[in-house]
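So the sequences go chain by chain: A and B.
In terms of full-length UniProt numbering, the first sequence opens at residue 1 and continues consecutively.
In terms of full-length UniProt numbering, the second sequence opens at residue 1 and continues consecutively.
A virtual CB, placed ideally from N, CA and C, is assigned to each residue, including glycine.
Note that the structure is predicted; figures quoted are calculated from it, not measured.
Protein chains: 2
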Amino acid sequence: MDVDTRLLRSFATVAEEGNLTRAAERLYLSQPALTKQIRQLESQLGAVLFERSKHGMALTGPGEALAAAAPAVLASWDTARRAVRAADAEASRVLRVSFLASAANEKTQPIIAAFRERRPDWRVELRQAGWGDPVAGLVSGDVDAGFMRLPFPRQDEYEVLPLLTEPRCIAMAANHPLAQRESLTMADLLDEPFIAAPAATGAFRDHWIAADARGGRPVRIGAVTEHPDDWLTAIANGDGIALAPASAARYYARPDIAYRDISGVAPSEVALVWPKGAGASGPLADFIAAAAALAD
Amino acid sequence: MDVDTRLLRSFATVAEEGNLTRAAERLYLSQPALTKQIRQLESQLGAVLFERSKHGMALTGPGEALAAAAPAVLASWDTARRAVRAADAEASRVLRVSFLASAANEKTQPIIAAFRERRPDWRVELRQAGWGDPVAGLVSGDVDAGFMRLPFPRQDEYEVLPLLTEPRCIAMAANHPLAQRESLTMADLLDEPFIAAPAATGAFRDHWIAADARGGRPVRIGAVTEHPDDWLTAIANGDGIALAPASAARYYARPDIAYRDISGVAPSEVALVWPKGAGASGPLADFIAAAAALAD
DNA sequence: GACATCCATAACCACAGGTTATCGATACTG
DNA sequence: CAGTATCGATAACCTGTGGTTATGGATGTC
């Protein structure tokens with residue numbers, strides 16, 4: 001009998017959440033679809049995995065057994081994928097690097113150029129990461145390294161090489177009243193709605209709404225976005241304002257968006273990030289060295 | 001990224017076979033369907049797994065990596081299934097036992113009755129196994145124990161409790177010329193086609209074509225069957241003759257099939273079989289004890 | 001030169017698996 | 001106690017995945 005690992009992930013989510021509706025949300029599925037998935041898994045296994053009640057879904061004995069065993073299956077699959085990816089990188093001479101928004105700004109190209117000098121037969125493939133789960137690609141092995149903004153979720157599980165620091169500014173719709181002013185402080189913005197990253201990103205989200213500079217005052221969230229495009233649109237729409245690295249004014253200049261200086265918020269730091277242990281040798285080591293040589 | 005373990009099994013088969021067409025046959029699929037599966041797996045992983053040529057499919061580097069890692073994934077899934085099955089058996093009080101053809105003949109019912117005395121609240125569920133892969137259910141955990149004929153594939157990976165020994169006879173179409181004779185020897189049968197088990201069963205197949213009693217003479221295979229029904233039909237059809245346990249004359253008596261004594265072939269042995277370590281305690285231990293008490 | 005072998009492609013079909021809308025049952029809540 | 005929110009199941013519907021047969025093109029083989 002076979003399974004789609006997807007069913008296992010769904011199952012794990014339901015087991016954890018104890019509630020179909022909420023699990024469905026987390027999985028970006030409708031609740032009936034998830035109902036079907038769980039029923040399918042149960043019929044494939046020939047065992048009842050959950051006790052349904054008005055209070056939600058509770059694991060049965062067999063359900064507990066699966067909940068205990070499923071992570072090992074998923075982990076072994078992740079391992080397999082990483083192995084394939086590593087072999088593929090070796091064979092096709094491609095180093096995959098994820099980046100967030102403007103990556104390392106003006107340093108991005110020089111770093112890649114420096115790497116190509118060390119490894120002329122290799123290519124670097126950049127792929128954009130959403131800020132919903134910026135390290136996703138690193139976990140799964142889809143990507144060898146990433147240009148990240150600090151802090152990011154589960155940062156201590158990775159090696160981090162800081163590259164540059166830049167001040168942050170504030171982005172808002174061009175017709176926003178505050179856009180009249182040349183420069184602002186956090187005090188001016190305490191009542192404004194902010195465009196934020198998904199709640200799951202924890203410290204990352206907090207950093208970009210400057211939670212520490214609000215003196216405990218709660219934030220109004222005007223919209224939640226995952227990618228630069230949604231983010232820009234939301235700002236231009238007037239859904240809220242947002243903190244941004246100063247370089248955004250160069251890389252994301254638009255007539256309907258104004259960027260203004262702001263005082264009293266910590267700067268933003270860009271780093272190169274890779275899984276612990278992976279950077280010891282091979283092309284990734286050269287990429288890291290190239291980046292280190294160009295770091296501030 | 002997710003996979004269906006099915007794709008992994010297909011992949012493993014192609015890798016092993018080195019040939020799409022033959023792998024498709026083994027998987028009971030059309031060749032284009034298998035082509036699609038492999039392409040899908042490749043696109044999901046973003047890596048080329050095979051080098052296609054006129055000589056077949058050869059693994060690439062990433063392909064080798066996956067071939068090395070896939071068995072672990074499949075094994076962990078099998079483990080998970082066994083865990084679920086065990087918990088389910090515990091919860092629903094069902095012991096599942098597979099059997100081959102006539103199981104343990106007249107001992108089957110007494111063994112089950114003796115088990116029920118020890119575990120009155122448990123049920124025994126018997127399910128027929130094909131001889132294509134008689135231990136399949138044990139590997140996957142679908143079944144807790146099985147009544148088997150010795151020898152069977154990978155026999156040393158299981159615990160084996162011999163239950164009874166019976167002579168073998170020869171089965172043939174009722175209108176077969178040799179059916180006139182009361183008793184036969186292997187020498188009479190050397191030119192006859194035999195009905196055999198699938199080639200993958202190795203020693204099991206050899207045992208039932210009495211490969212060791214032919215003095216090295218090759219066998220003609222009249223048909224390959226997996227189940228008693230096909231087997232009986234093939235014999236009645238005149239596709240060939242077949243060795244059978246003597247009890248077949250009782251359990252599979254048909255007007256169009258004749259069973260005759262044969263000398264010079266080893267007897268057949270029936271045993272109870274279960275995964276190593278599983279019989280130490282719990283209901284399976286009681287079932288084993290019940291069987292042991294009734295063994296010859 | 002005819003043929004066999006092997007993988008890819010095309011055209012087609014069924015159904016798995018998703019969606020929205022709705023239901024029935026239960027537990028909070030004012 | 002009525003009204004409402006919550007939870008999972010069900011129905012009706014639609015699309016895309018994944019199967020099938022038939023066929024093609026390339027390359028060895030007798």
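From which residue to which residue does the beta strand (DSSP E) around T185 of chain B run? S183 to T185
Beta carbon of R154 of chain B: closer than 7 Å to some heavy atom of the ligand FAD? With respect to the ligand FAD, the structure shown offers nothing to examine, as it has no ligands at all.
How is T165 of chain A classed by DSSP in three states: helix, strand or coil? strand
Alpha carbons only, please: which of B:V73, B:T21 and B:L95 is nearest the one belonging to P32 of chain B? B:T21
Would DSSP call F152 of chain A helix, strand or coil? coil
For I209 of chain B, name the three-state secondary structure that DSSP assigns. coil
Under 8 Å between the Cβ atoms of V94 of chain B and E117 of chain B? no
Straight-line gap, V270 of chain A to D296 of chain A (C-alpha atoms, nearest Å): 11 Å
Beta carbon proximity, S76 of chain B to chain A, threshold 8 Å: yes
In its own chain, which residues sit with a C-beta less than 6 Å from the C-beta of E192 of chain A, not counting the 5 before and 5 after it? I241
Cβ of M172 of chain A within 8 Å of Cβ of R214 of chain A? no
Give the interface partners of G61 of chain A over in chain B, defined as CB-CB distance under 8 Å, in chain order. A87, D88, E90 and A91
Using a beta-carbon distance below 8 Å, is E64 of chain A in contact with chain B? yes
List the residues of chain B that S140 of chain A touches, going by C-beta distances under 7 Å, in chain order. M1
Own chain, CB closer than 7 Å to F287 of chain B, minus 5 neighbours either side, in chain order: L95, F115 and A145
8 Å Cβ cutoff met for G18 of chain A and A58 of chain A: yes
Please report the Cβ distance between L272 of chain B and A291 of chain B, rounded to the nearest whole angstrom; I am assuming they are in contact, meaning their Cβ atoms lie under 8 Å. 5 Å
According to the neighbour-count rule (16 or more other Cβ atoms, all chains shown, within 10 Å of its Cβ), is Q180 of chain A buried or exposed? exposed
What residues in the segment 3 to 31 of chain A have a beta carbon less than 9 Å from any beta carbon of chain B? V3, D4, T5, R6, L7, L8 and R9
Let me see if you follow: with CB-CB separation under 8 Å, is T35 of chain A close to chain B or not? no
Own chain residues within Cβ distance below 8 Å of I257 of chain A, not counting five before or after: A171, M172, A173, A174, L232, I235 and A236
Cα separation between M148 of chain B and P267 of chain B? 14 Å
Could you spell out the range, first to last residue, of the alpha helix (DSSP H) harbouring R26 of chain A? L20 to R26
By the criterion of Cβ-Cβ separation under 8 Å, what are the contact partners of A83 of chain B in chain A? A65, L66, A68 and A69
Taking A285 of chain B as the reference, give the member of B:F194, B:C169, B:L161 and B:G137 with the closest Cα. B:L161
Quick one: which chain A residues come within Cβ less than 9 Å of T79 of chain B? A69, A72 and V73
Going by Cα to Cα distance, which pick from A:L34, A:A293, A:D4 and A:V135 is closest to L150 of chain A? A:V135
Straight-line CA distance for T13 of chain B to R254 of chain B? 39 Å
Apart from the five residues just before and just after W274 of chain A, which ones in its own chain have a Cβ nearer than 8 Å to its Cβ? L138, D144, A145, G146, Y158, E159, L284 and I288
Any chain A beta carbon closer than 8 Å to A136 of chain B: no
Any C-beta of chain A under 8 Å from that of L45 of chain B: yes
Pick out the complete beta strand (DSSP E) segments inside the segment 83 to 107 of chain A, 3 residues or longer, and give them in chain order. 94 to 99
Among A:F11, A:R85, A:G277 and A:S10, which has the Cα closest to the Cα of D156 of chain A? A:G277
Are the segment 63 to 79 of chain B and the segment 95 to 114 of chain B touching by the rule of at least three beta carbon pairs closer than 8 Å? no
Nearest CA to the CA of G63 of chain A: which residue from A:R81, A:S43, A:Q128 and A:A223? A:S43
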